[in-house]
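There are 2 protein chains.
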Amino acid sequence: MFFLEELPTHRMIERYVEETGSGNTERIGDALAMLRKASMLVRKLDAYFQKHGLSQLRFLVLIVIDREPDRHSLRQSEILERLDVSKPVLHRTVAAMIAAGHLERVDDPHDARAHQLSIATDARNLLQEILPGYFELITQFMENQT
Amino acid sequence: MFFLEELPTHRMIERYVEETGSGNTERIGDALAMLRKASMLVRKLDAYFQKHGLSQLRFLVLIVIDREPDRHSLRQSEILERLDVSKPVLHRTVAAMIAAGHLERVDDPHDARAHQLSIATDARNLLQEILPGYFELITQFMENQT
DNA sequence: CGTCATTAGTTATCATGATAACCAATGGAG
DNA sequence: CTCCATTGGTTATCATGATAACTAATGACG
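Sequence lines, in order, name chains R and V. Read in order, the letters of the first sequence correspond to residues 1 to 146 in the numbering used here. Read in order, the letters of the second sequence correspond to residues 1001 to 1146 in the numbering used here.
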């Protein structure tokens, strides 16, 4: 994600809104500020994940499996339901995570098409290692932003 | 951009925060909500731009040239200063926009390395056409989100 | 004036997002 | 049981983000 380095001033948005006769200056200003802020946070998170050999998506895959109550594995299709990402991208990412030893794959005994994905021990340790820094990073960021 | 379909509950974040002993539950909840909201807005904007043969980045390129006071063109390096995007990506995008007839390129008379980029008439009309819907979309989105 | 660090733009390569189209297994309806 | 729509996963292809490394022009400085 990327965005404008410098947000338009309230005055400038107002000019556009008046010219086009649509939209609400206040709401648009809020939206652009949010996009800029989210873009900056995503950059910081991506850098953090990369430092630990992960990515935003790989991290989220681990998280959704980890946070599942009463289970230790999920199908690819179940992960897909929990993340806003396309099927082929998840497929590719899961394959890479298996190759990297982050996920373990077991064929589903009830459905020959499917398989269950669980977090490998190494990745479970990695997750425990990076979670504190992740929460710290987010908290710091939110405090330092206006 | 993508993100979790369903945000963790306040309770769940608290559990993680307590386990890891880092971060502030409130701030983290706000951050995740922001990322989710920004992700959804970006999806809607991307779809809107695509419908009009643009993309988020192409739109922003037009906007930063358009909003420049007292000038009708910018150098690639000047656009780069105004957008949070890498040089090669901007280069590729500008090349595609010239090919598509959205931008016009004139060699800089003072610097043989550089050239000035201005908005072609067609793209100026396109911009006027899509701006109202853009502002409308953002305003609607911000109103409908909690 | 000649040297050389800086700047503008470009190219090569890779990572990671999407859609479309596909195969194989499943499982409900006749 | 057979047919066939649905589901789980995969493959092919493309769009668009990044970094590294390059060329050529610029311009400050000895």
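Even for Gly, the Cβ is constructed at its ideal location relative to N, Cα and C.
For the pair G1133/V and I138/R, the CB atoms are not nearer than the 8 Å cut-off. Straight across, the Cα-Cα distance linking T9/R with E104/R is about 51 Å.
Note on T93/R: 16 or more other CB atoms within 10 angstroms of its CB, so buried under the neighbour-count rule. For E1104/V, the uninterrupted beta strand (DSSP E) segment begins and ends at L1103 to D1107. With respect to the C-alpha of F141/R, the residue from R15/R, V106/R and K44/R having the closest C-alpha is K44/R. Proximity to L1057/V across D1122/V, M1097/V, N1125/V and H1115/V peaks at M1097/V, based on C-alpha coordinates. When C-beta distances to chain R are compared with 9 Å, the residues of the stretch 1036-1066 of chain V below that value are R1036, K1037, A1038, S1039, M1040, L1041, V1042, R1043, L1045, Q1056, L1057, L1060, I1063 and V1064, in chain order. Closest in C-alpha terms to L62/R, from the list F135/R, Q145/R, N144/R and L131/R, comes L131/R. Under a 10 Å Cβ-count criterion, Q1116/V is classified as buried, with 16 or more other Cβ atoms of the shown protein chains found around its own Cβ.
Membership of Q1145/V in any alpha helix (DSSP H) is not indicated, and neither H nor E is assigned to it by DSSP. Under the Cβ criterion (8 Å, minimum of three pairs), the stretch 62-71 of chain R does not count as touching the stretch 30-46 of chain R.
Distance from the CA of L7/R to the CA of L32/R, rounded to the nearest whole angstrom, comes to 7 Å. With respect to chain V, the C-beta atom of S22/R has a partner C-beta closer than 8 Å. Cα atoms of F1049/V and M1/R: separation of roughly 16 Å, rounded to the nearest angstrom. L1007/V: not part of any beta strand (DSSP E); DSSP gives it neither H nor E.
Membership of H91/R in the alpha helix (DSSP H) is indicated by the continuous run K87 to A99. Your pair D1108/V and F3/R does not check out as a contact, with CB atoms roughly 27 Å apart and the cut at 8 Å. If you draw a 10 Å sphere on the C-beta of G21/R, you find fewer than 16 other C-beta atoms in it, and that means exposed.
Setting aside the 5 residues that flank it on each side, A120/R is surrounded in the same chain by G101, H102, L103 and E104, each with a C-beta closer than 8 Å to its C-beta; the list follows chain order. Runs of the alpha helix (DSSP H) spanning 4 or more residues and lying entirely within the stretch 32-76 of chain R occur at 56-66, in chain order. With at least 16 other beta carbons inside 10 angstroms of its own, V1017/V counts as buried. DSSP links S1118/V through a beta bridge to S1073/V and E1104/V. For V94/R, there are no neighbours in chain V by C-beta distance under 8 Å, as the nearest C-beta there is about 15 Å away. Beta-bridge partners assigned by DSSP to L1083/V: L4/R. V42/R counts as buried, since no fewer than 16 other beta carbons sit within 10 angstroms of its beta carbon. For the stretch 100-130 of chain R, the set of positions with a beta-carbon nearer than 9 Å to some beta-carbon of chain V reads Q128 in chain order. Assigned with DSSP and collapsed to three states, R124/R falls in helix. Put simply, of K1051/V, R1027/V and Q1145/V the residue whose alpha carbon is nearest the alpha carbon of N144/R is R1027/V. The Cβ atoms of E1081/V and E136/R do not sit closer than 8 Å to each other.
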